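Asks:
Protein chains in written order, with this note's numbering: chain D, 10 to 162; chain F, 10 to 162.
Right, here's the structure in full:
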């Protein structure tokens, strides 16, 4: 097995092909990791931020307390064939209807089938499950630093 | 989508069927997440600790500085069908040949094909790639607390 660093251009390409990440936050001496679905905020060039749709809960409370987070994205084919990207980032909650609608559109377009994504234009939140009454939270993770590694057999 | 807590018995069963986790550590104001392969240390009953084989590097340095870590294990079939377990744990480096050999055997038996696992008895480290000269590190994560959630469509 050979492990090489991923150049920034390969990191950006990888972040644009993936949709699943694990986000880690730290507050009150506790680390907490959860899987999230994300969408890069900008269409071209280096990925400078990603958008996330979530619900009120422990993770959001911790990120409000300490906005410094880690995002990890990987693709693991076997123990000797994998890619992993680790991002040093900052949580930024989206407030205001316009910013929230724009984020919802970008996320729906990237993560949902067209039929569900089209519901955003009608003022719907297609990520919300029927009967779900926990408030939704939309946020951005600003990417301050990203490093990646690739293993080949 | 319905989200329910996983009872401890279901958490233990899940930890015994999976081999891949993401580990998060925190030191010097930084959070760092990486994928790892693990093996439960005890065969039966509640999983009280897991074993990991790694190499010297940033993650190990951070865990020596702050042994308080988070382990996350998930199985994601779709955005509305997933299971995730989050563990609050403590890093404990294994020292001494006997403890290291025992850990290596447990890990090899769980993670490698029998041909590779049998090399442990011959004094080999089957996780070491040919030509790799970074020192190996064997450690235990003691599980202090574990919580889990299951989402069903």
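Cβ coordinates follow ideal geometry from the N, Cα and C atoms, glycine included.
Source: prediction; values computed, not measured.
Could you give the distance in angstroms between the alpha-carbon of residue 158 of chain D and the alpha-carbon of residue 55 of chain F?
Replies: Their backbone Cα atoms lie some 34 Å apart in a straight line.
Asks: Residue 123 of chain D lies in the alpha helix (DSSP H); which residues open and close that run?
Replies: Segment 123-126, the alpha helix (DSSP H) holding residue 123 of chain D.
Asks: How would you call residue 31 of chain F, buried or exposed, if buried means at least 16 neighbouring beta carbons within 10 angstroms?
Replies: Result: buried.
Asks: Please list the partners that residue 5 of chain F has in chain D, where partner means a Cβ-to-Cβ separation under 7 Å.
Replies: Any property of residue 5 of chain F remains undetermined from this structure, which presents chain F solely from 10 to 162.
Asks: Check whether the segment 33-53 of chain F touches the segment 27-43 of chain D, taking contact to mean three or more Cβ pairs, one atom from each stretch, closer than 8 Å.
Replies: Touching, yes, given that three or more Cβ pairs across the two stretches are closer than 8 Å.
Asks: Relative to the C-alpha of residue 62 of chain F, which residue among F/77, F/154, F/46 and F/53 is closest?
Replies: Comparing Cα positions, the closest option is F/46.
Asks: Report yes if the CB atom of residue 95 of chain D is closer than 8 Å to the CB atom of residue 42 of chain F, and no otherwise.
Replies: Yes, the Cβ-Cβ distance between residue 95 of chain D and residue 42 of chain F is below 8 Å.
Asks: What in chain D is Cβ-close to residue 31 of chain F, meaning under 7 Å?
Replies: Within chain D, the residues near residue 31 of chain F are 31, 42 and 81.
Asks: Quick one: give me the first and last residue of the beta strand (DSSP E) that residue 130 of chain D is part of.
Replies: Where residue 130 of chain D is concerned, there is no enclosing beta strand (DSSP E), given that its DSSP letter is neither H nor E.
Asks: Output, in chain order, the set of chain C residues within a Cβ distance shorter than 8 Å of residue 38 of chain F.
Replies: Looking for chain C here will not work: the only protein chains present are D and F.
Asks: Quick check on the burial criterion: 16 or more other C-beta atoms within 10 angstroms. Buried or exposed for residue 122 of chain F?
Replies: Result: exposed.
Asks: In chain D, what lies closer than 7 Å to residue 35 of chain F by C-beta?
Replies: Going along chain D in sequence order, the residues near residue 35 of chain F (Cβ under 7 Å) are 35 and 40.
Asks: Within 10 angstroms of its Cβ, does residue 98 of chain F collect 16 or more other Cβ (buried), or is it exposed?
Replies: Classification of residue 98 of chain F: buried, given that the 10 Å Cβ count is 16 or more.
Asks: For residue 69 of chain F, does the three-state DSSP call read helix, strand or coil?
Replies: Three-state DSSP puts residue 69 of chain F in a helix.
Asks: Can you confirm whether the segment 128-136 of chain F touches the segment 70-85 of chain F when touching is taken to mean that 3 or more C-beta pairs between the two stretches lie within less than 8 Å?
Replies: No, the segment 70-85 of chain F does not touch the segment 128-136 of chain F.
Asks: Residue 95 of chain F versus chain D: which residues are under 8 Å apart at the beta carbon?
Replies: Residues of chain D passing the Cβ test: 41, 42 and 43.
Asks: Can you tell me the Cα-Cα spacing of residue 81 of chain F and residue 58 of chain F, whole angstroms?
Replies: In a straight line, the C-alpha of residue 81 of chain F is about 14 Å away from that of residue 58 of chain F.
Asks: Evaluate residue 52 of chain F with the Cβ neighbour count: other Cβ atoms within 10 Å of its Cβ, from every protein chain shown; 16 or more gives buried, anything less gives exposed.
Replies: By the 10 Å Cβ count, residue 52 of chain F comes out exposed.
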